[in-house]
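In short: position in the sequence shown from 1, add 480, done, that's this note's numbering. We put the CB at the ideal spot given by N, CA and C, even for glycine. Working notes, beginning with the structure itself.
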Amino acid sequence: MATTIQFFNVFLKNNRGYTSISVSDFLDGIISLDEGKRYVHNSHGEYSLIEMLLPNMNPNNNSMDRLVGFANYRDKKPFTGRRGTDEKKEIAGDVLELTTCLFIPDYHLAVIEYNHFGARPKHIERYLNAFLPTSGGWYFEMIPIETEGSFQKIRSSNDIRGIEIKLDLMTGLSNLFNSEGNKIQSITSAINSTAESFREIGANIATINLGQGRYRNSPMEFDELINFLQAIDMENDNIASVKVKYRNPTSGKLETADLKNEGQLKRVIMEDSNSTAFESIAIGISNYYYEQSNRLANQEWRHVTTSLQSEELPLIDRYSNGEESSRIE
481 MATTIQFFNV
491 FLKNNRGYTS
501 ISVSDFLDGI
511 ISLDEGKRYV
521 HNSHGEYSLI
531 EMLLPNMNPN
541 NNSMDRLVGF
551 ANYRDKKPFT
561 GRRGTDEKKE
571 IAGDVLELTT
581 CLFIPDYHLA
591 VIEYNHFGAR
601 PKHIERYLNA
611 FLPTSGGWYF
621 EMIPIETEGS
631 FQKIRSSNDI
641 RGIEIKLDLM
651 TGLSNLFNSE
661 GNKIQSITSA
671 INSTAESFRE
681 IGANIATINL
691 GQGRYRNSPM
701 EFDELINFLQ
711 AIDMENDNIA
721 SVKVKYRNPT
731 SGKLETADLK
741 NEGQLKRVIM
751 EDSNSTAFES
761 IAIGISNYYY
771 EQSNRLANQE
781 WRHVTTSLQS
791 EELPLIDRYS
801 NGEESSRIE
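Dropping the structure here:
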């Protein structure tokens, strides 16, 4: 079973801006904490950093790089059984899914395994921020690296003609929007209700279109459409495609981009492997990044900032930051 990896720029920030602090020093501080402190229960779920390795996959100096495993503890546990029988047994212990990440501090880069049941990038970002003090504006930020010619061009076009969302309703329907959807609840609520209506009547596929309309006097608000696109959870398995028809600011021609399948820089690796073990995924990501990709996206961080502030890493501890305390129930 193949593994999909996604690319992000990562920074430690404070009130002065982006800092030059190594993300590896930050991660080393977290892994050194007691395992109880590393467990975080917040509004998005229950997570912990439970694995860390040094890559040591190539002759170049990568001693500051880190391979990290983040656990997402599942509320709804599956059963164990035996094929060909009616045997069904409850699992006594907690069930977790691991998401494997490679962090490269020299390039402010993170390469993250996409795991539908594991911790999503936004979950990891929120988890790691639980170990930074809010005083001073400390924040760990993960910025998706976008591919050429997708969302960046749409954002600069100032001319969106229509949006088509195709939904796969074969499985249970989950929320189609991330936390950004709270800013535009009227439209996200309408989309969710429409999708649920399609599912209730037994549809396997649903297509939702937002367009200008031939006789509409005033065009759709561009900024609101951008907010809408940013709010869509592109990693939701119910979303098959998000196609945007827009005017290319360079050529002046109308083009269509599929943000579900184009926008985020991602690669498919380990196509002949069936292993889901942390070490196997970690080796697969390392092999791809160091030996096959020619250190893909290693200079993308310069598009985010050209100035890094020299700062000392703050005390790493388990802070509540407005979330529930770390506890095992």
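Local Cβ density within 10 Å of residue i, reported as buried at 16 or more and exposed below that
| i | result |
| --- | --- |
| H783 | exposed |
| H596 | exposed |
| M750 | buried |
| P558 | exposed |
| T546 | Residue identity differs from the one stated: residue 546 is Arg in this sequence, not Thr. With 16 or more other Cβ atoms within 10 Å, it is buried. |
| L739 | buried |
| V748 | exposed |
| G764 | buried |
| V520 | buried |
| N716 | buried |
| S429 | Only positions 481 to 809 of the chain appear in this structure, which leaves residue 429 out of reach. |
| I719 | buried |
| R562 | exposed |
| E591 | Before going on, a small fix: residue 591 reads as Val here, not Glu. The residue is buried, with at least 16 neighbouring Cβ atoms inside 10 Å. |
| S528 | buried |
| A670 | exposed |
| A551 | buried |
| V575 | exposed |
| E742 | buried |
| I685 | exposed |
| N662 | exposed |
| I571 | exposed |
Same chain, Cβ closer than 7 Å to residue i, neighbours up to 5 away in sequence not counted
| i | result |
| --- | --- |
| N495 | G616 and G617 |
| I501 | L492, E791 and L793 |
Distance between residue j and residue i (C-alpha atoms, nearest Å)
| i | j | result |
| --- | --- | --- |
| S731 | Q632 | 15 Å |
| A599 | N542 | 25 Å |
| F620 | I634 | 27 Å |
| T580 | S755 | 13 Å |
| N774 | S766 | 12 Å |
| Y799 | G573 | 27 Å |
| Y695 | E735 | Caution applies to Y695, whose pLDDT of 46 falls short of 50 and renders its modelled position unreliable; the value that the coordinates give is listed next. The straight-line gap from Cα to Cα measures roughly 22 Å. |
| P729 | F702 | 14 Å |
| G497 | N609 | 16 Å |
| P539 | F488 | Bear in mind that a pLDDT of 47 at P539, under 50, signals an unreliable position, so the number given afterwards is only what the model happens to contain. Looking at the two C-alpha atoms, the distance is approximately 24 Å. |
| I485 | A762 | 11 Å |
| H603 | K733 | 38 Å |
| Q779 | E605 | 21 Å |
| I530 | S512 | 11 Å |
| M544 | M650 | 44 Å |
| D555 | D752 | 31 Å |
| I510 | R518 | 7 Å |
| I808 | T614 | Note that I808 has pLDDT 40, beneath the 50 cutoff, so the model's placement of it is unreliable and the number below is only indicative. Taking the straight line from one Cα to the other gives about 24 Å. |
| N522 | K569 | 29 Å |
Sequence-distant residues of the same chain with beta carbon closer than 8 Å to residue i, five excluded per side
| i | result |
| --- | --- |
| E660 | N707, Q710 and A711 |
| E676 | L653 |
| N672 | N655, L656 and F657 |
| T687 | E644, I645, K646 and L647 |
Beta-carbon contacts of residue i that lie in its chain and below 6 Å, excluding the five residues immediately before and after
| i | result |
| --- | --- |
| V503 | V490, F583 and P585 |
| L690 | I643 |
| L705 | I640 |
| E526 | Y553 |
| E680 | none |
| E567 | G561 |
Contact under 9 Å by Cβ, residue i with residue j
| i | j | result |
| --- | --- | --- |
| E577 | T483 | no |
| K725 | I640 | yes |
| L492 | V548 | no |
| L612 | W781 | no |
| L776 | L795 | no |
| T674 | F657 | no |
| T560 | L788 | no |
| P535 | Y768 | no |
| I625 | V722 | no |
| S630 | A757 | no |
Delimiting residues of the alpha helix (DSSP H) encompassing residue i
| i | result |
| --- | --- |
| F487 | Element bounds for F487: not the alpha helix (DSSP H) but the beta strand (DSSP E), T483 to N494. |
| R563 | Run containing R563: none; DSSP gives neither H nor E here. |
| H596 | Per DSSP, H596 belongs to no alpha helix (DSSP H) and is neither H nor E. |
| N741 | L739 to E742 |
| E621 | Note, E621: premise wrong, no alpha helix (DSSP H); beta strand (DSSP E) at Y619 to P624. |
| N707 | F702 to A711 |
| L507 | V503 to I511 |
| K517 | E515 to R518 |
| S654 | Taken as a continuous stretch (DSSP letters only), S654 belongs to no alpha helix (DSSP H), as it is neither H nor E. |
| E570 | Taken as a continuous stretch (DSSP letters only), E570 belongs to no alpha helix (DSSP H), being part of the beta strand (DSSP E) at K568 to E570. |
| R747 | That residue, R747, is in no alpha helix (DSSP H); its beta strand (DSSP E) goes K746 to I749. |
Limits of the beta strand (DSSP E) - the one that residue i falls within
| i | result |
| --- | --- |
| S528 | G525 to L533 |
| I634 | Where I634 is concerned, there is no enclosing beta strand (DSSP E), although the alpha helix (DSSP H) it sits in stretches over F631 to S637. |
| L582 | L576 to I584 |
| S755 | From DSSP, S755 is part of no beta strand (DSSP E); its letter is neither H nor E. |
| N552 | R546 to Y553 |
beta-carbon residue i near the ligand COA non-hydrogen atom, thresh 8 Å
| i | result |
| --- | --- |
| L529 | Here there are no bound small molecules, and the ligand COA is not part of this structure. |
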